[in-house]
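Going by numbering that gives the first Met the number 0, the sequence shown opens with residue 0, and the numbers climb by one from there. Glycine included, every Cβ here is placed at the ideal spot set by N, Cα and C. Since the model is a prediction, treat every value here as computed from it, not as a measurement.
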Amino acid sequence: MLDVPPRQRCAARRLPAWRGRSAAEGERSGDQAVGGSAGACAQAAVAVVREIGDWRLAIGDGHRPSHSPISHLSFKSIVVNKRLLRLSLFQLGLGFSVVVFNGALNRVLIAEEGIPAGIVGWLLSLGLFVAPVRALMGFRSDKEKKTFGYRRLPYAWYGTMLVFCGLSAAPFSLLLLSKASQLNSDVPFPVAVFFCTLIFLLYAVGTHVGQTGYLALVTDLTPKHERSRAMALLWIALITGQIISSFVIGFFLQDFHPMKLIQVMQSASVIFLVLAVAAIWKQDRPVELEDDAEDFSSRIWTVLGTHKMRLFFAILFFGTLGLTAQDVLLEPYGGQVLGMSVAETTRLTAMWGIGMLIAMLIAWQVIPRLDSPIPVAFAACLVGLTGFGLITMASANHSVAMFIGGTGVIGLAGGLFLISTLSLVVSLADIKTAGMYVGMWGLAQTSAAGLAALAGSNLRDVVSRITGDLARGYTTVYAVEMVLIAVTLALLIAMPREAFVTREKGRSAFAGLTDVPGA
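1) What residue ranges within the segment 161 to 227 form continuous alpha helix (DSSP H) runs of no fewer than 4 residues, ordered along the chain?
2) Label R309 either buried or exposed according to how many other C-beta atoms from any shown protein chain fall within 10 Å of its C-beta, with 16 as the threshold for buried.
3) For the candidate residues N105, I242, L483, whose alpha-carbon lies nearest to that of G321?
4) Could you tell me the boundaries of the alpha helix (DSSP H) in which F255 lies?
5) Could you pull out every residue in the same chain whose Cβ sits closer than 7 Å to the Cβ of Y462, ignoring the five residues on either side in sequence?
6) With a Cβ-Cβ cutoff of 8 Å, do T445 and D141 count as a contact?
7) Measuring straight from C-alpha to C-alpha, what distance separates G126 and A231?
8) What's the call for N457, buried or exposed, on a 16-neighbour Cβ count within 10 Å?
9) Out of S394, G441, G334, which has the shortest C-alpha to C-alpha gap to A535?
10) Roughly how far, in whole angstroms, is the beta-carbon of L122 from the beta-carbon of T196, given that I think they are within contact range, below 8 Å?
11) Could you give the C-beta distance for V302 and M494, rounded to a whole number, given that I count them as a contact under 8 Å?
12) Using alpha carbons as the reference points, say which of R226, P257, I409 lies closest to T385.
13) Take the Cβ of M306 as the centre, count every other Cβ of all protein chains shown within 10 Å, and call the residue buried at 16 or more, exposed below.
14) Can the beta-carbon of G414 be found less than 8 Å from the beta-carbon of G318?
15) For A379, does the count of other Cβ atoms within 10 angstroms reach 16, so buried, or fall short, so exposed?
16) Where do the N-terminal and C-terminal ends of the alpha helix (DSSP H) with N396 fall, by residue?
17) Whole-angstrom Cβ separation of A168 and L201, contact assumed at under 8 Å?
18) Determine the closest residue to P170 out of V107, V186, M264, with distance taken between C-alpha atoms.
19) Could you give the uninterrupted runs of the alpha helix (DSSP H) lying entirely in the segment 391 to 456, keeping only those of 4 residues or more?
20) On the criterion of 16 or more Cβ atoms from any shown chain inside 10 Å, does N396 qualify as buried, or is it exposed?
21) Can you give me the Cβ contacts of G438 inside the same chain, cut-off strictly under 6 Å, excluding the 5 residues immediately before and after it?
22) I think A324 touches A454, with their Cβ atoms under 8 Å apart; what is that distance to the nearest whole Å?
23) Excluding the 5 residues preceding and the 5 following L356 in the sequence, name in chain order all residues of the same chain whose CB lies nearer than 7 Å to its CB.
24) Check the C-beta distance from K223 over to S422 and give it rounded, since I have them as a contact under 8 Å.
25) Below 8 Å, can you find three or more Cβ-Cβ pairs linking the segment 149 to 156 to the segment 244 to 255?
26) If the criterion is Cβ atoms closer than 8 Å, does the pair M481 and F377 meet it?
27) Closest by CA to E225, which one among A275, V365, L108?
28) Whole angstroms are fine: how far does the CA of V192 sit from the CA of T391?
29) What does the alpha-carbon distance come out to for the pair A452 and L88?
30) Compare the Cα-Cα distances from L220 to each of S268, L91, I279, S371 and report the closest residue.
31) Verify whether the separation of the beta carbon atoms of V99 and A267 is less than 8 Å.
32) Please name the residue in G333, D460, V424 whose C-alpha comes closest to that of A400.
33) Would a C-beta distance cut-off of 8 Å place V204 and L161 closer than the cut-off?
34) Whole angstroms is fine: what's the gap from G441's alpha carbon to G92's?
35) Between which two residues does the alpha helix (DSSP H) containing E480 stretch?
Below is the structure:
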């Protein structure tokens with residue numbers, strides 16, 4: 000039975016709200032009103048049923064009736080979040096694939112097989128060179144009308160199959176490059192590297208295409224006032240997938256053998272495919288859109304045509320540079336400068352993941368209550384400066400605890416910055432431009448992260464070689480990152496306060512989700 004608050008029951012009956020009258024007064028008034036009470040209650044019941052009908056219609060078209068007096072009955076929010084939980088399975092599976100490629104396979108090729116780190120770095124950085132495909136595929140998904148009327152689903156599906164093929168073929172890269180493999184002795188090393196490049200390229204393109212179509216699909220299915228929490232949920236799923244898979248893969252690879260890694264990679268490909276299909280199955284709906292003659296370059300200018308959008312993407316680029324250049328340096332910094340063991344450096348990933356998860360939970364609660372996600376991005380930069388200060392001082396004090404804590408703080412900063420910028424982008428998009436906005440965000444974020452990894456590692460090598468001091472090489476990179484974060488702060492300060500207001504004055508555009516039980 001629906002529990003309508005007393006004040007709303009009184010409003011439906013056109014009676015004044017109860018204000019603490021005496022028992023005698025209440026009894027007398029009740030006797031007088033008993034004749035009309037049944038009719039009033041019937042009217043109230045009709046009003047409630049009518050509101051429920053409006054809410055069900057709202058679920059279908061994604062718009063919440065602004066006139067609803069039953070504000071605490073957030074039927075749409077509950078349904079949408081169940082849908083998002085299923086959609087988040089895609090990110091969960093993607094987390095498994097990331098650990099397989101960037102974690103297990105990366106380490107085995109360098110440490111166990113002795114493949115030059117430069118070649119492995121080239122394979123892992125291929126995503127940087129094909130990042131523009133995000134914007135192109137986002138634009139194509141905005142205009143798509145040919146594949147049975149679906150727009151986002153085909154691209155999410157194409158990307159899923161490419162990632163699956165890349166994961167399935169990944170064991171061949173190990174066989175091609177492994178010194179103990181018969182296949183390695185039969186294939187020249189340059190040819191082996193070429194085929195490995197194709198395999199990693201398949202995975203990189205699949206990730207870009209699939210995630211762009213997927214995020215555009217989520218944007219279409221989620222009302223604007225719920226998108227910040229939707230993105231936080233998706234990245235919680237991604238990080239959870241990485242954490243779970245790291246433990247699972249570590250368990251199965253305790254006694255390492257190349258065949259075990261091959262079995263793990265093939266199992267991960269099947270797990271990803273099952274989760275991705277479960278996530279996107281029957282999520283998209285056929286739509287009829289008017290013909291749009293705007294071409295790709297014109298759409299890019301539409302997105303970047305205003306000063307505030309150009310400033311925003313500059314903030315995204317410099318902020319991502321400043322918060323990600325250390326990603327490939329933290330583990331070697333702990334081992335070479337602080338003397339940490341392999342077991343101790345493995346805790347860094349856990350601390351980073353904990354920081355990211357805390358950031359997602361903070362974003363889940365804070366961003367919907369603000370006029371704009373920009374203050375959260377500002378706070379992320381301040382937190383990032385604190386984190387880099389801690390890991391830099393850890394070298395001078397030779398403090399492992401300070402270094403591990405600083406790593407967690409950097410994870411917190413990175414998570415806040417990522418979700419705040421993504422929440423802002425999806426809040427600006429509509430059904431005709433969601434793919435392009437998400438694609439441009441992915442292009443800027445991925446390009447900056449890839450460039451940061453390459454520049455950070457090379458800067459560390461150059462400075463260490465010139466000074467003859469390993470610690471100086473690492474701390475120089477951290478200092479440059481702090482400068483980049485300071486530049487990002489300056490750009491955020493230059494951003495007009497009213498430039499990205501994502502809610503109506505006096506009412507949070509995200510207020511609908513505060514009615515979800517447990518939120």
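Checking against the coordinates, here is how it stands:
1) 181 to 185, 188 to 220
2) Along the sequence shown, read from residue 1 onward, the residue named residue 309 stands at position 310. Counting Cβ neighbours within 10 Å, R309 comes out exposed, since fewer than 16 surround it.
3) As a first step, residue 321 is located in the sequence shown; it is residue number 322 there, counting from the start. For the residues N105, I242, L483, the minimum Cα distance to G321 belongs to L483.
4) Reading the sequence shown from its first residue, position 256 is the one you call residue 255. Premise fails: F255 is in no alpha helix (DSSP H) and is neither H nor E.
5) For the purposes of this step, residue 462 is taken as residue 463 along the sequence shown, with counting starting at 1. According to the sequence provided, residue 462 is Val. The question's Tyr does not apply to it. Same-chain partners within the cutoff: R471, G472, T475.
6) Stepping through the sequence shown from its first residue, residue 445 is reached at position 446. Stepping through the sequence shown from its first residue, residue 141 is reached at position 142. Cβ atoms of T445 and D141: not closer than 8 Å.
7) Position 127 of the sequence shown, counted from the first residue, corresponds to residue 126. Position 232 of the sequence shown, counted from the first residue, corresponds to residue 231. Using only the alpha carbons, I get a separation of about 23 Å.
8) Numbered from its first residue, the sequence shown carries residue 457 at position 458. Within 10 angstroms of the beta-carbon of N457 lie fewer than 16 other beta-carbons, which makes it exposed.
9) Outside the displayed range of the chain (0 to 518) lies residue 535, so it cannot be described from this structure.
10) On the sequence shown, position 123 is the one that residue 122 refers to. On the sequence shown, position 197 is the one that residue 196 refers to. L122 to T196, Cβ: 6 Å. Contact.
11) For the purposes of this step, residue 302 is taken as residue 303 along the sequence shown, with counting starting at 1. For the purposes of this step, residue 494 is taken as residue 495 along the sequence shown, with counting starting at 1. With 8 Å as the limit, V302 and M494 do not qualify as a contact, their Cβ atoms being about 17 Å apart.
12) Walking along the sequence shown from the start, residue 385 turns up at place 386. Among R226, P257, I409, the Cα nearest to that of T385 is on I409.
13) As a first step, residue 306 must be located in the sequence shown, where it is residue number 307. The amino acid occupying residue 306 in the given sequence is His; Met does not appear at that position. The residue is exposed, with fewer than 16 neighbouring Cβ atoms inside 10 Å.
14) As a working note, residue 414 is residue 415 in the sequence shown. As a working note, residue 318 is residue 319 in the sequence shown. Cβ distance not < 8 Å, so G414 and G318 don't count as in contact.
15) Taking the sequence shown and counting its residues from 1, the one referred to as residue 379 is at position 380. By the 10 Å Cβ count, A379 comes out buried.
16) What you label residue 396 is simply residue 397 of the sequence shown in a count that begins at 1. Element bounds for N396: 373 to 396.
17) As a position in the sequence shown, residue 168 is number 169, starting the count at 1. As a position in the sequence shown, residue 201 is number 202, starting the count at 1. About 7 Å separates the two Cβ atoms, so the contact holds.
18) For this step, residue 170 is matched to residue 171 along the sequence shown. Looking at the Cα atoms, M264 is the closest of the given residues.
19) Taking 4 residues as the minimum length, the alpha helix (DSSP H) runs contained wholly in the segment 391 to 456 are 399 to 427, in order along the chain.
20) Counting from 1 along the sequence shown, the entry for residue 396 is found at position 397. Exposed, because fewer than 16 other Cβ atoms sit within 10 Å of the Cβ of N396.
21) Translated into the one-based positions of the sequence shown, residue 438 becomes position 439. The residues are R133, A134, G137, T211.
22) Here residue 324 corresponds to residue number 325 of the sequence shown, with the count starting at 1. Here residue 454 corresponds to residue number 455 of the sequence shown, with the count starting at 1. Between A454 and A324 the Cβ distance is about 6 Å, and since that is below 8 Å, they are a contact.
23) Taking the first residue of the sequence shown as position 1, residue 356 is located at position 357. Once the five neighbours on either side are set aside, the close Cβ partners of L356 are I235, I238.
24) Indexing the sequence shown from 1 puts residue 223 at position 224. Indexing the sequence shown from 1 puts residue 422 at position 423. Incorrect: roughly 10 Å between the Cβ atoms, too far for contact.
25) no
26) Taking the first residue of the sequence shown as position 1, residue 481 is located at position 482. Taking the first residue of the sequence shown as position 1, residue 377 is located at position 378. Going by C-beta atoms, M481 is not nearer than 8 Å to F377.
27) Position 226 of the sequence shown holds residue 225. Measuring from the Cα of E225, the nearest candidate turns out to be V365.
28) Start at 1 with the first residue of the sequence shown, and residue 391 comes out as number 392. Start at 1 with the first residue of the sequence shown, and residue 192 comes out as number 193. About 37 Å.
29) Mapped onto the sequence shown, residue 452 falls at position 453. Mapped onto the sequence shown, residue 88 falls at position 89. So the alpha carbons of these two residues sit roughly 28 Å apart.
30) As a first step, residue 220 must be located in the sequence shown, where it is residue number 221. Answer by Cα proximity: I279.
31) For the purposes of this step, residue 99 is taken as residue 100 along the sequence shown, with counting starting at 1. For the purposes of this step, residue 267 is taken as residue 268 along the sequence shown, with counting starting at 1. Yes; because the gap between Cβ atoms is below 8 Å, this pair is in contact.
32) The count along the sequence shown starts at 1 and reaches residue 400 at position 401. Nearest C-alpha to A400: G333.
33) On the sequence shown, residue 204 is found 205 positions in, with the first residue counted as 1. On the sequence shown, residue 161 is found 162 positions in, with the first residue counted as 1. A contact, by the Cβ cut-off of 8 Å.
34) Here residue 441 is taken as the residue at index 442 of the sequence shown, counted from 1. Here residue 92 is taken as the residue at index 93 of the sequence shown, counted from 1. In a straight line, the C-alpha of G441 is about 19 Å away from that of G92.
35) In the sequence shown, residue 480 corresponds to position 481, counting from 1. E480 -> alpha helix (DSSP H) spans 469 to 493.
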